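Position 78 (the sequence shown) corresponds to 79 in my numbering; numbering is contiguous.
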Amino acid sequence: MTKHHEAAFGSAFGCLSLRSGLQLFAAAVTLHGLCGVLSSVSEDVREYVGGYSPVSSVAVIAMGLVGTAMGMVGMIGLNDNHHSWVKLFTHFVAFVRVPV
């Protein structure tokens, strides 16, 4: 008999466990945030530079920093079974990343 915290919760992308799928998504959010931060030193990544205004460029860099931090919070929370960190990550994705 399995314990309640060892039960299968479902699948992501049709073939991965839910934990693996969420880890993959958190890694993608982290990578997306890093691209936003790297746009401060290189204006080669056209969709991340924030247009021609310096104010929008600062906004892209700030969101990149927050996205990088939240992606890492999500990955660490999944590895450590820390449900409040995972909840914080999912709230960030639902209320910040999806609307933007």
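In this text, a Cβ means the ideal position worked out from N, Cα and C, and glycines have one as well. Since the structure is predicted, the reported quantities are computational estimates derived from the model, not experimental observations.
Here's a check: name, in chain order, each residue in its chain whose Cβ is nearer than 7 Å to the Cβ of residue 33, leaving out the five neighbours to either side.
Position 32 of the sequence shown, counted from the first residue, corresponds to residue 33. Once the five neighbours on either side are set aside, the close Cβ partners of residue 33 are 68.
Limits of the unbroken alpha helix (DSSP H) element including residue 58
Residue numbering aside, residue 58 sits at position 57 when the sequence shown is read from its first letter. Looking at the DSSP string, the run of the alpha helix (DSSP H) that includes residue 58 is 55 to 81.
Rounded to whole angstroms, what's the CA-CA distance from residue 82 to residue 21? Just pull it up for me.
Residue mapping note: residue 82 aligns to position 81 of the sequence shown, counting from 1. Residue mapping note: residue 21 aligns to position 20 of the sequence shown, counting from 1. Looking at the two C-alpha atoms, the distance is approximately 13 Å.
Got a sec, what are the start and stop residues for the alpha helix (DSSP H) residue 98 sits in?
One-based indexing of the sequence shown puts residue 98 at position 97. No alpha helix (DSSP H) holds residue 98; DSSP gives it neither H nor E.
Can you say whether residue 56 is buried or exposed, counting buried as having 16 or more other CB atoms within 10 angstroms of its CB?
As a first step, residue 56 is located in the sequence shown; it is residue number 55 there, counting from the start. Its Cβ having fewer than 16 others within 10 Å, residue 56 is exposed.
Kindly identify the DSSP beta-bridge partner or partners of residue 13.
Stepping through the sequence shown from its first residue, residue 13 is reached at position 12. Paired residues: 17.
What does the alpha-carbon distance come out to for the pair residue 19 and residue 78?
As a position in the sequence shown, residue 19 is number 18, starting the count at 1. As a position in the sequence shown, residue 78 is number 77, starting the count at 1. Cα-Cα distance, rounded: 14 Å.
Please confirm whether residue 37 and residue 76 have their CB atoms less than 7 Å apart.
Along the sequence shown, read from residue 1 onward, the residue named residue 37 stands at position 36. Along the sequence shown, read from residue 1 onward, the residue named residue 76 stands at position 75. No, they are not a contact pair.
Quick check on residue 42: does DSSP put it in helix, strand or coil?
For this step, residue 42 is matched to residue 41 along the sequence shown. Looking at residue 42 - three-state DSSP - the assignment turns out to be coil, as it is neither helix nor strand.
Use the C-beta contact count for residue 15: other C-beta atoms within 10 angstroms, 16 or more gives buried, fewer gives exposed.
As a first step, residue 15 must be located in the sequence shown, where it is residue number 14. Counting Cβ neighbours within 10 Å, residue 15 comes out exposed, since fewer than 16 surround it.
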